[in-house]
Structures are given as C-alpha cells and as structure tokens.
Amino acid sequence: MSANDFLSGGFAPAPESADHFKIKKNYDLYIGGKWVKAAKRFKTTNPATGEVISQVALAEKKEVNLAVKAARKAYDETWSKMPAAERGKYLFRIARLLQERAREFAVTETIDGGKPIRESRDVDVPLAAAHFFYHAGWADKLDYAFPGAKVAPLGVVAQVIPWNFPLLMAAWKIAPALACGNTVVLKPAETTPLTALKLAELFDDAGLPPGVVNIITGAGETGQALVEHPDVNKVAFTGSTAVGKAIRRSVAGTGKKFTLELGGKAANIVFEDAPINEAVEGIVNGIFFNQGHVCCAGSRLFVQESIAVKVIKKLQKRMETLVVGNPLDKNTDIGAINSVEQLERIKTLVKAGQDEGACLWQPSGGVPRKGNWFKPTLFTECAQSHRIVQEEIFGPVLAIQTFRTPQEALTKANNTPYGLSGGVWTDKGSKIFKMTTGLNAGVVWANTFNKFDPTSPFGGFKESGIGREGGVHGLSAYCDLKI
Ligand code: TAP
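Laid out in structure tokens, this is it:
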C-alpha cells in the first residue's frame with residue numbers, strides 16, 4: 007500500500023520515512039541478556055494495512071520460568087547489591103539512547119499500533135524518555151523520598167501492559183522498578199510487542215547487566231503464567247478491569263504486592279463561562295487522541311445546557327477537519343484502530359448506542375479502504391443508562407449530555423463504575439475547586455486535558471484500579487518501606 011492509497015484531508019501526503027532502520031522479520035525472547043528462541047511464534051501486523059510486520063516468539067510456562075529465574079539471579083547477585091547511584095547511571099544512559107533513536111521508536115510504534123506519527127513522535131517517545139530521566143534522578147535519593155523509613159526493593163517484579171501506549175507503558179513500569187532496585191519481567195500486549203523488543207536492544211547497548219530486565223512476548227496466557235509465578239514479589243498491571251479483577255483474585259493470599267491501572271470513562275465538563283474555542287480543542291484532544299484508545303479519554307462530554315447547541319456545532323465543524331488516514335503521515339489526526347477485535351467492540355457499542363435511542367453524528371469524510379478504521383463519532387440524546395455512557399468503548403466515540411447546575415454535572419459525572427480521570431472547563435477558579443474535589447477521579451484536568459508528566463501520580467479509584475504510577479506515590483509502589 008502506498009502513501010497515495012490513503013486519504014490526507016486535502017493536504018499533500020507527508021509520510022514519515024521508515025527506511026532508516028530495520029524491523030526484524032523474527033524476534034525472540036529477551037531473557038537473561040540473551041535472545042532466547044521459543045517453540046512457537048505469532049504474527050504482529052500493521053493495523054493500517056493488515057500487512058504482517060514481524061513474527062514474534064510466544065513465551066509459554068517454560069520460558070516464563072526462565073525469565074523469572076533470570077530476574078531473580080540478577081536481583082540477588084547484581085542489581086540489589088549495586089550502589090544506587092550506579093543504578094541511576096544506567097537509567098540515564100537508557101534515556102539518552104532512547105532519545106538518540108527516537109525516530110526509529112516513533113515509526114515502529116506507529117507501524118505496530120496504528121497511532122498517528124505526530125503522537126508517537128511528540129508524546130509517546132519523549133514522555134518515555136522523560137520517565138527514564140526522572141527515575142534516574144530518584145535512584146540514589148530514595149531515603150529523601152520517604153524520610154524516616156528504611157527503604158528496600160521488593161525483588162522480582164512482573165509487569166503486564168496493554169496495546170494503547172506500548173513504549174510509554176513499558177517506560178512507566180520499568181523505570182521506577184529499576185530505580186528502586188528491583189528486577190523486571192515485562193510482557194507487552196500481543197498486538198504491539200515491537201517497541202518493547204527494541205527497548206531490549208537498547209538495554210543491551212546500555213550495558214544493563216543480564217537479567218535485570220527480561221522481555222517476554224505472548225498472549226493472555228503468558229501474562230497469566232507470569233503474574234501467577236510463585237517467585238514474583240510484585241505484580242504491576244495495566245489493562246482492562248476484567249483482567250485486573252482476575253489478577254487481584256490470583257494474587258490474594260500470596261503476599262505479592264500489586265498495582266492495577268485499569269479502565270476509565272472520564273467526564274469532560276464544560277461550563278457556560280468556559281473559553282469555548284479552547285474547550286472544543288480540549289474535547290477533540292480528550293476523545294480523539296490515539297483514536298480514543300486511552301484509559302483516561304474524555305469519552306463523556308457534559309455541556310451546560312445554555313451553550314450546548316453552540317458547542318456541538320463548533321465541535322462538528324472541527325470534526326469535519328480531522329484527517330483519518332495513514333498513521334505515518336504527519337497530517338493525520340486519527341490513525342488506525344489497533345486490532346480487528348477492537349474495531350468489532352467499537353462497532354458493537356456504537357450499534358447499541360443507536361438501538362438504545364441516542365443520536366449518532368459523523369463527519370462527511372471517508373476512511374481508507376484497507377485496514378481497521380473508525381470515523382470520529384459523537385452521540386447526542388444520551389441517557390445515563392445507555393451502554394455508550396456506562397461502558398468503556400476505547401475508541402473515537404463521544405457521548406454528549408447536558409446539565410444545568412454544577413451539582414447536576416457532578417452527580418451525572420460520578421454515576422459510573424470507573425474513577426480514573428476528568429476535565430473541567432470554566433473561567434472561575436472557585437468552580438474548578440468545587441468540581442475537582444467533587445469528582446471521584448484520580449486525575450482531574452482544568453481547562454486542559456490529557457496532560458502527563460513523570461512527576462505527577464496517575465491512577466484511579468473504584469473499577470479504575472488501585473495504586474499510582476509516577477511521582478513519589480509511584481515510587482512507593484516499588485519499595486518495601488519499613489518505618
Ligand atoms: P487487557 O485485555 O486487559 O490486556 C492487558 C494486558 O494483559 C495484555 O498484555 C494482555 O495480553 C494481558 N492479559 C490478558 N489476559 C491476561 C490474564 N488473564 N492474566 C494476565 N495478563 C493478561 O487490556 P487491553 O485490551 O490490552 O487494554 C485496554 C484496557 O487497558 C482498557 O480497559 C484501558 O482502559 C486499560 N488501560 C488502562 C490504563 C491506566 S493507566 N489505567 C492505561 C492504558 C490502558 P494480550 O495482549 O495478549 O491479550
């Protein structure tokens with residue numbers, strides 16, 4: 007498929023080149039600092055074209071065992087004994103190497119996952135590097151992070167991550183674990199294993215001692231075997247609420263520490279005194295960033311009744327300009343849906359929205375012929391009971407409702423099993439305080455949306471999970487603190 011087979015919204019195609027580096031045809035498992043073969047392989051495909059990119063090793067129980075053994079050996083013999091400042095140097099080195107190969111990582115992420123190159127280039131890769139830099143600084147200062155406590159590592163950490171931010175999630179998890187003196191076995195998602203495997207190459211280049219980080223690829227069974235392994239001391243999971251619940255059941259009574267970063271259904275609340283044009287940009291960013299494959303996506307919009315017609319008109323006008331197409335094209339706003347399964351899930355929920363009586367609107371532009379695509383979509387006439395209001399769609403679909411008073415907005419916004427994030431748009435500071443304290447969500451943005459920083463803790467309440475990642479709160483999840 008060539009760049010010209012995609013739509014580019016009236017702009018001349020501006021594809022990022024992908025010929026300055028190689029994605030290997032086959033990838034093995036990275037265990038104990040070596041590339042280890044497995045009996046079986048699975049394919050990873052480009053969701054924008056359906057083409058197979060690479061064949062990746064499938065880790066089964068035997069390989070999971072090997073990886074945990076390698077991590078335990080590295081923990082006992084090397085990493086937990088190393089002076090903390092030395093650990094920090096490795097993390098700095100990894101951060102710098104990632105910056106040097108930023109373009110390669112961005113292009114790989116886009117080819118493997120379908121997200122627009124603008125996002126992988128400007129968000130995923132720089133933020134991943136920032137997480138390594140930030141945690142490198144903490145490695146020899148943990149006593150200052152937790153004054154009065156005796157700080158020790160936990161041991162071997164099992165980390166399982168999803169497909170929506172594969173590199174960034176790997177960095178969120180690996181960097182704090184290593185800074186605190188733990189060793190790691192990480193399993194990336196089945197549909198997006200490539201940037202984690204490239205990270206392994208980078209660990210090699212950084213001279214990271216063998217076994218400190220092990221990357222094993224596979225499907226849900228691989229993840230399950232890893233989190234259930236008896237020699238794991240902590241489980242760090244990001245993914246769906248259903249799998250999070252299963253993991254919580256499996257670690258119960260084992261003494262393993264755990265953190266669960268799960269789903270979300272964020273309320274983005276726009277008051278009549280908000281800067282409307284900025285709010286419309288925030289709504290677009292909130293739900294269409296990364297095709298809506300974002301746990302903290304602003305998927306429920308609450309607009310004050312007095313401005314609802316105006317906001318929806320402006321939003322529709324803006325949505326008409328969004329370019330859905332080649333993820334490698336720098337003009338593209340909305341890339342490919344990550345997998346056929348995810349596309350089916352989005353379609354099912356959108357159909358449920360229509361069947362339940364909500365009113366669907368989509369912009370007039372088309373989508374490419376091949377690959378997995380879904381047009382940016384909004385629903386009006388939504389009720390609190392609708393599935394599209396209650397369930398996480400994890401796609402570019404916005405459910406709009408109105409409200410009259412701040413209390414009504416809060417009541418409706420909090421009527422969800424989730425509690426991950428939220429947004430408030432108003433020019434009144436007092437209203438920001440009322441709403442941010444009233445919203446039952448781990449992160450609330452005011453007059454902006456989807457802003458992330460390694461210094462800032464991220465995580466949810468209720469069915470959105472337990473524990474925080476990032477900042478000092480995130481560090482504490484990787485330490486044994488004796489007061
Ligand atoms: P899941 O299906 O839960 O998969 C997440 C990871 O767990 C994948 O690596 C998956 O492997 C693996 N897995 C599947 N079954 C498992 C089991 N029984 N035991 C252990 N591991 C298992 O989620 P997803 O569809 O990839 O990701 C989307 C979900 O993640 C959404 O709900 C989203 O909100 C959430 N998410 C949350 C956050 C935060 S920070 N709260 C961030 C990003 C995403 P396979 O890939 O092979 O299935």
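Reading the sequence shown from the start, the letters are residues 7 to 489 in our numbering.
Glycine is no exception: its CB is placed at the ideal position from the N, C-alpha and C atoms.
What you are looking at is a predicted structure, and each value in this text was computed from that prediction instead of being measured.
Status (buried if at least 16 other CB within 10 Å, exposed otherwise) for residue i
i       : result
Pro-333 : buried
Asp-433 : exposed
Asp-130 : buried
Ala-389 : exposed
Asn-10  : Note that Asn-10 scores a pLDDT of 49, beneath 50, so its modelled location is shaky; the value from the coordinates is reported in the next line. By the neighbour-count rule (16 or more Cβ atoms within 10 Å), Asn-10 is not buried but exposed.
Thr-198 : buried
Asn-220 : buried
Ala-258 : exposed
Pro-423 : exposed
Pro-402 : buried
Lys-271 : buried
Arg-255 : exposed
Pro-236 : exposed
Phe-455 : buried
Cys-485 : buried
Glu-115 : buried
Ser-23  : exposed
Cys-365 : exposed
Arg-410 : exposed
Gln-360 : exposed
Asp-335 : buried
Phe-380 : buried
Glu-83  : exposed
Ala-280 : buried
Ser-126 : buried
Proximity below 7 Å, CB of residue i to CB of residue j
i       : j       : result
Leu-481 : Ala-151 : yes
Trp-451 : Val-276 : no
Phe-492 : Ala-112 : This structure cannot speak to residue 492, because the chain is shown only from 7 to 489.
Thr-50  : Val-62  : yes
Asn-446 : Phe-467 : yes
Val-35  : Ala-44  : Note on identity: in this sequence residue 35 is Leu, with Val being the wrong assignment. Yes, these two residues count as a Cβ contact at 7 Å.
Lys-121 : Asn-296 : yes
Asn-71  : Leu-160 : no
Ile-343 : Leu-321 : no
Leu-133 : Leu-174 : yes
Leu-416 : Gly-435 : no
Thr-228 : Ala-358 : no
Asn-378 : Leu-349 : yes
Ala-185 : Ala-145 : yes
Ile-293 : Ser-305 : yes
Ile-406 : Leu-355 : no
Asn-283 : Leu-307 : no
Ser-60  : Ile-29  : yes
Ile-340 : Leu-328 : yes
Glu-362 : His-392 : yes
Residue(s) in a DSSP beta bridge with residue i
i       : result
Tyr-36  : Trp-41 and Ile-221
Pro-159 : Cys-485
Ile-438 : Paired residue(s): none; Ile-438 is not in a bridge.
Ser-427 : Val-449
Ile-275 : Phe-308 and Val-430
Ser-60  : Thr-50
Cys-365 : Thr-386
Glu-492 : Outside the modelled stretch of the chain, which goes from 7 to 489, sits residue 492, for which no answer is possible.
Ala-405 : Arg-306 and Phe-385
Phe-464 : Glu-475
Leu-192 : Gln-165 and Ile-221
Pro-199 : Looking at the DSSP assignment, Pro-199 forms no beta bridge with any residue, so it has no partner.
Asp-335 : Pro-21
Val-317 : In DSSP, Val-317 forms no bridge with anything.
Val-330 : Ile-340
Integer-rounded CB distance, given that residue j should sit under 8 Å from residue i
i       : j       : result
Glu-469 : Thr-265 : The Cβ separation is near 15 Å, so there is no contact.
Leu-208 : Arg-107 : 7 Å
Met-325 : Pro-382 : 5 Å
Val-166 : Thr-189 : Their Cβ separation, rounded to whole angstroms, is 16 Å, which puts Val-166 and Thr-189 out of contact at 8 Å.
Trp-169 : Gly-213 : With 8 Å as the limit, Trp-169 and Gly-213 do not qualify as a contact, their Cβ atoms being about 30 Å apart.
Arg-78  : Val-163 : Contact doesn't hold; Cβ gap of about 11 Å is too wide.
Gly-250 : Gly-471 : 6 Å
Ala-80  : Val-191 : Not a contact, Cβ separation roughly 10 Å.
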